[in-house]
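A.B. asks: The numbering of the sequence shown is the numbering used here, which starts it at 376 and goes up by one.
We put the CB at the ideal spot given by N, CA and C, even for glycine.
Bear in mind that the values here come from a model prediction, so they are computed numbers and not experimental data.
Have a look at this one.
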Amino acid sequence: ITGVSGSGKSSLVEETLARAVTKKLHRSKEAPGPHDDLLGLEQINKAIIVDQKPLGNTPASTPATYTGVFDQIRELFSRLPEAKVRGYQPGRFSFNRSGGRCEDCEGNGQRCIEMHFLPDVWVTCETCNGKRYNQETLSVRYKGKSIADVLEMSIGEVAELFNNIPAIRRTMETLCAIGLDYLTLGQSAPTLSGGESQRVKLAAELARPSTGKTLYLLDEPTTGLHFDDIAKLLKVLNSLVELGNTVIVIEHNLDVIKTADWLVDVGPEAGSAGGQIIAAGTPEKLVEHAKLFRKQSSSARSGTSKQAPLLRSYTGEILEPILSSGKREAREIFDAQSLSEKQEGDLDLKQIGRDAQMPWQKEGRRWHTQDHMSLSGAACQWEGAALESVIDFIENKEGFGEINWNHRSIVEVNGPVKKQGWFLHANTGDEWLLRLSFRVKRNTFKQDELRDQLALKSLDDLDELPIYGRSNRVRVKNLKGPWQEVSLTIHWEEEIATPGFQEFLEAASESYLGLIQRDEIKPEEIMPWKVLKKKWHLSRKGFPNNKRVHWDAALLETLFELLEQTYPEATIQWDSKSLVNLSHVGKKKPFMTIHTKRREGVDVTLQGTAGKITLGKIADLGDEREIKTDARGKEQARIRFTQKKQVESKSFKALLASLA
376 ITGVSGSGKS SLVEETLARA VTKKLHRSKE APGPHDDLLG LEQINKAIIV DQKPLGNTPA
436 STPATYTGVF DQIRELFSRL PEAKVRGYQP GRFSFNRSGG RCEDCEGNGQ RCIEMHFLPD
496 VWVTCETCNG KRYNQETLSV RYKGKSIADV LEMSIGEVAE LFNNIPAIRR TMETLCAIGL
556 DYLTLGQSAP TLSGGESQRV KLAAELARPS TGKTLYLLDE PTTGLHFDDI AKLLKVLNSL
616 VELGNTVIVI EHNLDVIKTA DWLVDVGPEA GSAGGQIIAA GTPEKLVEHA KLFRKQSSSA
676 RSGTSKQAPL LRSYTGEILE PILSSGKREA REIFDAQSLS EKQEGDLDLK QIGRDAQMPW
736 QKEGRRWHTQ DHMSLSGAAC QWEGAALESV IDFIENKEGF GEINWNHRSI VEVNGPVKKQ
796 GWFLHANTGD EWLLRLSFRV KRNTFKQDEL RDQLALKSLD DLDELPIYGR SNRVRVKNLK
856 GPWQEVSLTI HWEEEIATPG FQEFLEAASE SYLGLIQRDE IKPEEIMPWK VLKKKWHLSR
916 KGFPNNKRVH WDAALLETLF ELLEQTYPEA TIQWDSKSLV NLSHVGKKKP FMTIHTKRRE
976 GVDVTLQGTA GKITLGKIAD LGDEREIKTD ARGKEQARIR FTQKKQVESK SFKALLASLA
């Protein structure tokens, strides 16, 4: 979009086009400028405004967090054997959460000194020396590098370090390709220039799996950029266009203008003398317009012109000598998609640490009773002999299956057939308490009577332990189906070396074994959806809690009737607790999934819609709409319905027919 300053370019793009699109697609509340119609909205999924504003205002905002690559890096570190032994999850390696970060600087690596009447000053944290993390977290290393080392490395070095991890390589190589390899991955956002911030934003878009249905809006992106930076910016913009996206740029820089596919010249002058579309077309067409204007002007002066007067295009006039003297070259683009393709030596992120045998896999009993560590990484303080005494009793009792020690923090005891349900889950991942959960026949125990029988003191009454709480350490709860669950928390073995506990353990085991041996576990009690099928999904049972459901039951019945009419040969799977899947004949993967047990509405998800459905195409359907990518990288469209009339609309029926 070209034209002199003040000619109305920003009013056209930012105040009218951008607001009209976002209001339609994303329900934005900003009112757009006056316009007659908005055409072509069905061709796009989303609109993104890319500016030179900082990525954030604190050290917590970095290129790593903005591009999303830090999620994959944290996932990788959490899969390393040393992290698994300590029980570290990806959140442990985040500097925005407590646990793994340095708490003195809250993971910033710097501390903010308030200067009151002067601007605040950031100084390096003396506790972590700018590392952002505590020592326990820094002890986990990948190829000799801690998570803090990775953040302090340049983007080019990080790209080399993770070159065999496709999920990370794609983003890193994209940042390098557009000239940001010199930045450090953890560089704080306020220290980035406007041009650097803008390119990080564009790189994040370029590295994402793209369907080529995005509208990008930029207002004078070359402001303050060096000629070399402009070339790199053009490389990114051209790459986005090659993926099928549309980029609209307000610009005065001729290096950008001359390479555009299409120009819209606004003017001819500024203020009240502007605001008109002078010409639209290729750069060559604008030059032709400028030539015609000159010819018409000379004819007008001589009094021979009979044509309607043309408006003057300053852009066309300035482009004329540039296009005539310049040479054409093939556009330089960057193919981010190819970086995700399998290369020799590549490792799937899920394969990291998979081959390493963990201590609980080698010697499960020893790990859970002697060497156990809490999920926070600290050594467990409860007595392992307490767990051993319970397991010894079960092993000497006939009717139970083999003890399963093969989990980091849970010891599981089942009957002879695992699918009948477990009897004991011993949670060994807490630092101070062993948590025992028993499943028995419904109504076997009464909570008050069992508390008196076991006589476990509350945590507040245990002066030896640095943990507190008035809640009871014995809980009894009837579950859905034939089960009752009894939960206990234990610290010392002596707490369960009592006649009362032995009596409870005997009664619990007899109750469980009696239940599974008499085969009283009916499928309709445990999984009623397997038996009731369609009736289950139409019922008001199975919702997450007892709060009010915000949609009418008739909505779902109408939807099912419509689907059965539209897809008479489709296979409908009713045997899931909350999902109904539709698949075409001979196909295993569903093309549509309906979530029937959400209080907020009925969610219809259309699978594999890349290139078929855009957000603009479904903008008028339901209450909510979104286009997202699933775990396999496949695009899907989700529509939420809350009213019967929404599924009866002509536009929804037409959409379903297009997928038949």
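1) Looking at C-alpha atoms only, which residue of L513, A929, A760, S614 is the closest neighbour of A705?
2) Indicate whether the contact test is met: 3 or more Cβ pairs, each with one atom in the segment 549 to 560 and one in the segment 401 to 413, closer than 8 Å.
3) How close, in whole Å, do the beta carbons of L592 and A393 come, if the pair is a contact with beta carbons under 8 Å?
4) Near F468, what residues of its chain come up, given a Cβ to Cβ distance below 7 Å and the 5 sequence neighbours on each side ignored?
5) Taking all protein chains shown into account, do 16 or more other C-beta atoms lie within 10 angstroms of the C-beta of R845, making it buried, or fewer, making it exposed?
6) Should the segment 729 to 749 be regarded as contacting the segment 831 to 843, the criterion being three or more beta carbon pairs within less than 8 Å?
7) Hey, how far is the Cα of D603 from the Cα of V460?
8) List in chain order: all unbroken alpha helix (DSSP H) runs of 4+ residues lying wholly within the segment 812 to 848.
9) Please list the terminal residues of the continuous beta strand (DSSP E) segment that includes T864.
10) Looking at the unbroken alpha helix (DSSP H) that takes in D604, where does it start and where does it end?
11) Please name the residue in I625, E457, P407, Q447 whose C-alpha comes closest to that of G381.
12) Straight-line CA distance for K962 to V616?
13) Suppose you measure from the CA of Y942 to the CA of D446; what does that come to, to the nearest Å?
14) If we count the other Cβ atoms within 10 Å of its Cβ and call it buried at 16 or more, is K816 buried or exposed?
15) Going by DSSP, what residue range makes up the beta strand (DSSP E) through K633?
16) Taking all protein chains shown into account, do 16 or more other C-beta atoms lie within 10 angstroms of the C-beta of N504, making it buried, or fewer, making it exposed?
17) For W637, count neighbouring Cβ atoms within 10 angstroms of its own Cβ and tell me buried if that reaches 16, exposed if not.
18) Using 8 Å as the threshold, is the segment 817 to 831 in touch with the segment 769 to 777, meaning 3 or more CB pairs across them?
19) For T391, which residues in the same chain have their Cβ closer than 6 Å to its Cβ, ignoring the five residues on either side in sequence?
20) Would you decide whether G649 is buried or exposed? Buried here means 16 or more other CB atoms lie within 10 Å of its CB.
21) CB V955 to CB T933, shorter than 8 Å?
22) Thinking C-beta only, is L863 closer than 8 Å to L811?
23) Tell me whether R472 sits in a helix, a strand or coil according to DSSP, three-state version.
24) Suppose the cutoff is 6 Å on Cβ atoms and the five residues either side in sequence are ignored; what does the same chain contact list for V396 look like?
25) With respect to the beta strand (DSSP E) encompassing Q948, which residues constitute its N-terminal and C-terminal limits?
26) Answer with buried or exposed for D978, where buried requires no fewer than 16 other C-beta atoms within 10 angstroms of its C-beta.
27) From the DSSP output, which residues share a beta bridge with T377?
28) Return helix, strand or coil for Q1011, following the three-state DSSP convention.
29) At what residue ranges does the segment 425 to 492 contain a whole run of the beta strand (DSSP E), taking only runs of 3 or more?
30) Should N509 and T433 be called a contact, given that it needs their Cβ atoms to be closer than 8 Å?
31) How long is the line joining the alpha carbons of E405 and N818, rounded to whole angstroms?
32) Pull up the distance between the alpha-carbon of S1024 and that of I530, whole angstroms please.
33) Contact defined as beta carbons within less than 8 Å: I believe F813 pairs with F798. What is the distance between those atoms, to the nearest angstrom?
34) Using three-state DSSP, classify A523 as helix, strand or coil.
35) If you check the beta carbons only, do R1037 and A928 fall under 8 Å apart?
36) Out of H912, V924, Q573, Y689, point me to the one whose CA is closest to H627's CA.
C.D. replies: Put simply:
1) For the purposes of this step, residue 705 is identified with residue 330 of the sequence shown, where counting begins at 1. Checked all of L513, A929, A760, S614; the closest Cα to A705 is S614.
2) no
3) As a first step, residue 592 is located in the sequence shown; it is residue number 217 there, counting from the start. As a first step, residue 393 is located in the sequence shown; it is residue number 18 there, counting from the start. The Cβ separation is near 5 Å, so the contact holds.
4) What you label residue 468 is simply residue 93 of the sequence shown in a count that begins at 1. R449, F452, S453, G475, T512, I522, listed in sequence order.
5) Your numbering for residue 845 matches position 470 in the sequence shown. Counting Cβ neighbours within 10 Å, R845 comes out exposed, since fewer than 16 surround it.
6) no
7) Residue 603 sits at position 228 when you count from the first residue of the sequence shown. Residue 460 sits at position 85 when you count from the first residue of the sequence shown. If I take the Cα positions, the gap works out to 48 Å.
8) 822 to 829
9) Stepping through the sequence shown from its first residue, residue 864 is reached at position 489. Taken as a continuous stretch (DSSP letters only), the beta strand (DSSP E) holding T864 covers 858 to 865.
10) As a working note, residue 604 is residue 229 in the sequence shown. D604 -> alpha helix (DSSP H) spans 602 to 617.
11) Position 6 of the sequence shown, counting from 1, holds the residue named residue 381. Nearest of I625, E457, P407, Q447 to G381, Cα basis: I625.
12) By one-based count along the sequence shown, residue 962 stands at place 587. By one-based count along the sequence shown, residue 616 stands at place 241. Using only the alpha carbons, I get a separation of about 34 Å.
13) One-based indexing of the sequence shown puts residue 942 at position 567. One-based indexing of the sequence shown puts residue 446 at position 71. Rounded to the nearest angstrom, the two C-alpha atoms are 40 Å apart.
14) Along the sequence shown, one-based indexing puts residue 816 at 441. So K816 ends up on the buried side.
15) For the purposes of this step, residue 633 is taken as the residue at position 258 of the sequence shown. First-last for K633: undefined, no H or E at that position.
16) Your numbering for residue 504 matches position 129 in the sequence shown. So N504 ends up on the exposed side.
17) Working through the sequence shown from its first residue, we reach residue 637 at position 262. The residue is exposed, with fewer than 16 neighbouring Cβ atoms inside 10 Å.
18) no
19) Against the sequence shown, residue 391 aligns to sequence position 16. Cβ neighbours of T391 beyond the five flanking positions: P407, G408, H410.
20) For the purposes of this step, residue 649 is taken as the residue at position 274 of the sequence shown. The residue in question, G649, is buried, as its Cβ has 16 or more Cβ neighbours within 10 Å.
21) For the purposes of this step, residue 955 is identified with residue 580 of the sequence shown, where counting begins at 1. For the purposes of this step, residue 933 is identified with residue 558 of the sequence shown, where counting begins at 1. No, the pair does not count as a contact, with Cβ atoms beyond the cut-off.
22) Counted from its first residue, the sequence shown places residue 811 at position 436. Counted from its first residue, the sequence shown places residue 863 at position 488. Cβ atoms of L811 and L863: closer than 8 Å.
23) As a working mapping, residue 472 is identified with position 97 in the sequence shown. Residue state, collapsed to three classes: coil.
24) Translated into positions along the sequence shown, residue 396 becomes position 21. Cβ within range, chain order: A422.
25) Position 573 of the sequence shown, counted from the start, is the residue given in the question as residue 948. Segment 946 to 948, the beta strand (DSSP E) holding Q948.
26) Taking the sequence shown and counting its residues from 1, the one referred to as residue 978 is at position 603. So D978 ends up on the buried side.
27) Position 2 of the sequence shown holds residue 377. In the DSSP output, where bridge partners are listed per residue, T377 has D640.
28) Against the sequence shown, residue 1011 aligns to sequence position 636. Here Q1011 sits in strand by DSSP.
29) 485 to 488
30) In the sequence shown, counting from the first residue as 1, residue 509 sits at position 134. In the sequence shown, counting from the first residue as 1, residue 433 sits at position 58. In this structure, T433 does not lie closer than 8 Å to N509 by Cβ.
31) Your numbering for residue 405 matches position 30 in the sequence shown. Your numbering for residue 818 matches position 443 in the sequence shown. When rounded, the distance between both Cα atoms is 58 Å.
32) For the purposes of this step, residue 1024 is taken as the residue at position 649 of the sequence shown. For the purposes of this step, residue 530 is taken as the residue at position 155 of the sequence shown. When rounded, the distance between both Cα atoms is 51 Å.
33) Locating residue 813 in the sequence shown gives position 438, where the first residue counts as 1. Locating residue 798 in the sequence shown gives position 423, where the first residue counts as 1. The pair is a contact, with the Cβ atoms about 7 Å apart (cut-off 8 Å).
34) Counting from 1 along the sequence shown, the entry for residue 523 is found at position 148. Here A523 sits in helix by DSSP.
35) The question about residue 1037 has no answer here: the residues shown for the chain are numbered 376 through 1035.
36) Start at 1 with the first residue of the sequence shown, and residue 627 comes out as number 252. Taking only the C-alpha atoms, the option nearest H627 is Y689.
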